[in-house]
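Participant:
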Ligand SMILES: NC(=O)c1ccc[n+]([C@@H]2O[C@H](COP(=O)([O-])OP(=O)(O)OC[C@H]3O[C@@H](n4cnc5c(N)ncnc54)[C@H](O)[C@@H]3O)[C@@H](O)[C@H]2O)c1
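The following block contains the structure:
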């Protein structure tokens, strides 16, 4: 595997303004990728861009867009292909928390979470896959990576964030479905399924996370809160030739949390 295996390839990351999105973008740039940084918050992707350009000579396009809005996503896709001739790695990362017990959740909160976490990823994938499958890269023409959550897995379903849980279950299902639909187009589709990580989604606050873990009576066998770069390293593996025969998988990275639920 060459050192700069993403040279000549574009990586598009949604929600690249903070947390996992920023770390993944940095990792892809380290391997030579040019980048499309999407976020609903323009200032945050300007920050990500400046961090990357401090140490890497790559081309970066800022793509401010709300992924839950189909028109904005289609416009983003048009602009991306005006500037670049490919999108090799597409990461559906942008997501929001929200919702309490699912049956007590208000419609407005249901819509907000589902519109970003599920419809958003669907919008983006629909807007990009047609051009991706015509790309000449081999053995794979492109790679899609969805960021799901342990809260969406069978043993991680979480009534404290019910709608969020369901949204991530749906994204795990889309991962498998798109792997089936896009396999013959030489596009792999995999997911990364994080447990509990220190990012702005948890207010960047380890104490808040520890309280939350206690309240949920969750045990993490490796007994550490995850760091965003650990997710970014798995994303780099999925973007690399080392993973070319993997598709339809939801890779759990949680310090063993989900295997331990109700067991220790
Ligand atoms: N942090 C964790 O422990 C954890 C665990 C499991 C899964 N996740 C998932 O990881 C992904 C990234 O989360 P994070 O922890 O890095 O959080 P984060 O809040 O740091 O990052 C999310 C980014 O998405 C952007 N965003 C939100 N709504 C958007 C929209 N409509 N359009 C475009 N961009 C939008 C935000 O502005 C933000 O920059 C999310 O999908 C989240 O559900 C996080």
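Numbering (the working numbering), first residue to last: 7 to 270.
Yeah, the Cβ is synthetic: ideal placement off N, Cα and C, and Gly gets one too.
Are the beta-carbon atoms of residue 117 and residue 104 separated by less than 8 angstroms?
Facilitator: For the purposes of this step, residue 117 is taken as residue 111 along the chain shown, with counting starting at 1. For the purposes of this step, residue 104 is taken as residue 98 along the chain shown, with counting starting at 1. No, these two residues do not count as a Cβ contact at 8 angstroms.
Participant: Closer than 7 angstroms: is that where the CB of residue 212 sits relative to any heavy atom of ligand 1?
Facilitator: As a working note, residue 212 is residue 206 in the chain shown. No; taking the cut-off as 7 angstroms, the Cβ of residue 212 has no heavy atom of ligand 1 nearer than that.
Participant: Restricting to runs no shorter than 3 residues, where is the beta strand (DSSP E) found entirely within the segment 9-84?
Facilitator: Within the segment 9-84, the runs of beta strand (DSSP E) at least 3 residues long that lie entirely inside it are, in chain order, 16-19, 40-45 and 66-70.
Participant: Tell me the DSSP secondary structure of residue 200 in three-state form.
Facilitator: Numbered from 1 along the chain shown, position 194 holds the residue referred to as residue 200. It is a strand residue.
Participant: Buried or exposed for residue 251, going by 16 or more other Cβ atoms inside 10 Å?
Facilitator: As a working note, residue 251 is residue 245 in the chain shown. Its Cβ having fewer than 16 others within 10 Å, residue 251 is exposed.
Participant: Please determine whether the Cβ atom of residue 97 lies at a distance below 7 angstroms from any heavy atom of ligand 1.
Facilitator: Position 91 of the chain shown holds residue 97. Answer for residue 97: no, Cβ out of range of ligand 1.
Participant: In or out: residue 29 buried (at least 16 other Cβ within 10 Å) or exposed?
Facilitator: Locating residue 29 in the chain shown gives position 23, counting from the first residue. Result: buried.
Participant: Since residue 188 is in the alpha helix (DSSP H), which residue starts that stretch and which ends it?
Facilitator: Here residue 188 refers to the residue found at position 182 of the chain shown. It spans 168-188 - the alpha helix (DSSP H) in which residue 188 sits, taken as one unbroken run.
Participant: Is it the case that the CB of residue 264 approaches a heavy atom of ligand 1 more closely than 7 angstroms?
Facilitator: To locate residue 264, count along the chain shown from 1; it is residue 258. False, no ligand heavy atom lies under 7 angstroms from that Cβ.
Participant: Whole-angstrom Cβ separation of residue 6 and residue 74, contact assumed at under 8 angstroms?
Facilitator: This structure does not reach residue 6, given that the chain is present from 7 up to 270, and the question cannot be answered.
Participant: Which of helix, strand or coil does DSSP assign to residue 228?
Facilitator: The residue you call residue 228 lines up with position 222 of the chain shown. In the structure shown, residue 228 adopts coil according to DSSP, grouped into three states.
Participant: Here's the rule I'm using: 16 or more other beta-carbon atoms within 10 Å means buried, otherwise exposed. How should residue 212 be labelled?
Facilitator: As a position in the chain shown, residue 212 is number 206, starting the count at 1. Answer is exposed; the Cβ neighbour count stays below 16.
Participant: Below 6 angstroms CB to CB, which residues in the same chain sit around residue 255 once its five sequence neighbours on both sides are set aside?
Facilitator: In the chain shown, counting from the first residue as 1, residue 255 sits at position 249. Once the five neighbours on either side are set aside, the close Cβ partners of residue 255 are 196.
Participant: Please classify residue 26 as buried or exposed, where buried requires at least 16 neighbouring CB atoms within 10 angstroms.
Facilitator: As a first step, residue 26 is located in the chain shown; it is residue number 20 there, counting from the start. With 16 or more Cβ atoms within 10 Å of its Cβ, residue 26 is classed as buried.
Participant: Do three or more CB pairs link the segment 219-238 to the segment 204-211 at distances below 8 angstroms?
Facilitator: yes
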